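Student: Be aware that the sequence shown starts at 7, since it is given in the numbering used here, and climbs by one per residue.
Ideal Cβ placement from N, Cα and C applies to all residues, glycine included.
Here the structure is a predicted model, which is why all the values come from computation and not from measurement.
The structure that follows is given in the form of structure tokens.
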Amino acid sequence: MHKLPAQPTVKAPRETFTGDAWFDVVVRGEAPSRIRVNVVRFAPGARNAWHAHAAGQTVHVTEGAGRIQARGGEVLEMRAGDTYVTPAGEWHWHGAAPDRFMTHLAIWEAPDDGVAETEWGEQVDDAEYAAPAKAAPR
Ligand code: MN
7 MHKLPAQPTV
17 KAPRETFTGD
27 AWFDVVVRGE
37 APSRIRVNVV
47 RFAPGARNAW
57 HAHAAGQTVH
67 VTEGAGRIQA
77 RGGEVLEMRA
87 GDTYVTPAGE
97 WHWHGAAPDR
107 FMTHLAIWEA
117 PDDGVAETEW
127 GEQVDDAEYA
137 APAKAAPR
């Protein structure tokens with residue numbers, strides 16, 4: 007057993023995020039583990055660009071209110087306690103509500119060697135982001 011050294015909070019990069027978001031790395035598994043867990047904090051209106059995870063991803067909201075959308079689907083509201091699973095290769099984005107902070111755990115696994123963990127596409131523009139959000143099924 008060992009205690010991980012404290013790691014600084016990292017600002018999400020402009021290339022793949024709109025608005026302000028910050029990461030804290032919780033787990034970055036050492037082989038043979040492939041687990042990855044980050045706490046991600048989004049300011050109101052902040053969201054990531056369209057992207058897909060090679061091995062899929064689970065997002066669990068711990069605080070606030072957010073939005074999530076899969077390619078071709080509706081924008082869905084996310085609230086504290088909600089968990090969404092995006093399968094391997096599914097294009098999607100996630101972020102805060104326009105007027106609320108949102109914090110989620112992002113849980114995923116590294117894929118096989120040589121395969122990128124996440125493939126990034128275009129930013130979610132204001133019109134896409136402003137689409138009416140549907141209440142998530144309870
Ligand atoms: Mn994702």
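Measuring only between beta-carbons, confirm whether residue 98 sits less than 8 Å from chain D.
Tutor: As a matter of chain content, chain D is missing from the structure shown, which is built from one protein chain.
Student: Over what stretch of residues does the beta strand (DSSP E) that includes residue 119 continue unbroken?
Tutor: By one-based count along the sequence shown, residue 119 stands at place 113. Neither: residue 119 is in no beta strand (DSSP E) and is coded neither H nor E.
Student: Who are the Cβ neighbours of residue 91 in its own chain at under 6 Å, not counting the five residues just before and after it?
Tutor: On the sequence shown, residue 91 is found 85 positions in, with the first residue counted as 1. Contacts found: 64.
Student: Does the ligand MN have even one heavy atom less than 7 Å from the beta-carbon of residue 63?
Tutor: Your numbering for residue 63 matches position 57 in the sequence shown. Under cutoff, so the answer is yes.
Student: Short check: CB of residue 143 to CB of residue 105, under 8 Å?
Tutor: By 1-based counting over the sequence shown, the position of residue 143 is 137. By 1-based counting over the sequence shown, the position of residue 105 is 99. No, the Cβ-Cβ distance between residue 143 and residue 105 is not below 8 Å.
Student: With three or more C-beta pairs closer than 8 Å as the rule, is the stretch 91 to 102 touching the stretch 32 to 42?
Tutor: no
Student: Taking all protein chains shown into account, decide if residue 8 is buried (16 or more other Cβ within 10 angstroms of its Cβ) or exposed.
Tutor: Stepping through the sequence shown from its first residue, residue 8 is reached at position 2. Exposed, since its Cβ has fewer than 16 Cβ neighbours within 10 Å.
Student: Expressed to the nearest angstrom, what Euclidean distance is found between the alpha-carbon atoms of residue 131 and residue 118?
Tutor: Reading the sequence shown from its first residue, position 125 is the one you call residue 131. Reading the sequence shown from its first residue, position 112 is the one you call residue 118. C-alpha separation (whole angstroms): 32 Å.
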